[in-house]
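Student:
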Amino acid sequence: MKIYFVRHGETDMNKLKLLMGRRIDPSLNAAGREQAAELSRQIGFDYDVIFSSPLKRAMETAQILKGDSKTPLITREELTEKDLGSMSGKKWEETHLKSKFDHSPFGGESPHDMSIRLKFFMDDVKKDHAHKKVLAVTHGGVIRMLHRIFHDKEIDHIPNTSVHEFEI
């Protein structure tokens, strides 16, 4: 079974290269809404179910991708961005997160805990939606972790509205 993951559209904080994590929840900016609309035009829409992180930037992207379709849109906490703890709101360049995603910031989520919740989500989707075409709208940190889990690969940059396919 394949699941397609999309990173949310751009926010003003993305543009300023500020870390958000799950503690900061901005909406998409105009460019982010246009990115999502363009992706929607590119992929058309033939998904059976859409899952989304409950954070605004992901939900707004999912709504734009869904458009007028009757496709169910289901929020899942497991798709929420990593809790960056004390790094939330800081510039990317000011942190050592830019070189490794193994860091657990003070008060933040460990990579191990994040991988457990993502594996739970994937197992649940496989059990309940095995023969469906599934789209999940989420965050860069989540997609980075999925590349580690499924491809044993480190990805430095996940562009806004990029699509990533994972076989489960």
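Going by my numbering, the first residue of the sequence shown is number 2, and it counts up by one from there.
Note that the Cβ used here is the ideal one computed from N, Cα and C, for glycine as well.
Buried or exposed for Ser100, please, with buried defined as at least 16 other CB atoms from any protein chain shown within 10 angstroms of its CB.
Tutor: At Ser100 the pLDDT is 41, less than 50, meaning the model places this residue with poor confidence; the figure from the coordinates comes in the next sentence. By the neighbour-count rule (16 or more Cβ atoms within 10 Å), Ser100 is not buried but exposed.
Student: Which same chain residues end up closer than 6 Å to Gly141 when comparing Cβ atoms and leaving out the 5 residues on each side of it in sequence?
Tutor: Once the five neighbours on either side are set aside, the close Cβ partners of Gly141 are Arg8, Ile159.
Student: Expressed to the nearest angstrom, what Euclidean distance is found between the alpha-carbon atoms of His165 and Gly10?
Tutor: Cα to Cα, His165 sits roughly 14 Å from Gly10.
Student: Can you list, in chain order, the residues of its chain with a C-beta nearer than 7 Å to that of Lys134? Leave out the 5 residues immediately preceding and following it.
Tutor: Contacts found: Asp47, Tyr48, Asp49.
Student: In angstroms with no decimal places, state the Cα-to-Cα distance between Asp125 and Arg42.
Tutor: Their Cα atoms are separated by approximately 29 Å.
Student: Pop quiz: Gly90 and Ile150 are said to be a contact at Cβ under 8 Å. What is the actual Cβ separation, rounded to whole angstroms?
Tutor: That pair is no contact at about 27 Å.
Student: When the Cβ atoms of the stretch 12-29 are set against those of the stretch 69-76, are three or more pairs found closer than 8 Å?
Tutor: No: the two stretches stay apart, fewer than three of their Cβ pairs being nearer than 8 Å.
Student: Rounded to a whole number of angstroms, what is the C-alpha to C-alpha distance between Lys127 and Glu168?
Tutor: Distance between the alpha carbons of Lys127 and Glu168 is about 10 Å.
Student: Mapping the DSSP letters down to three states, classify Ser87 as helix, strand or coil.
Tutor: Ser87: helix per DSSP, three-state reduction.
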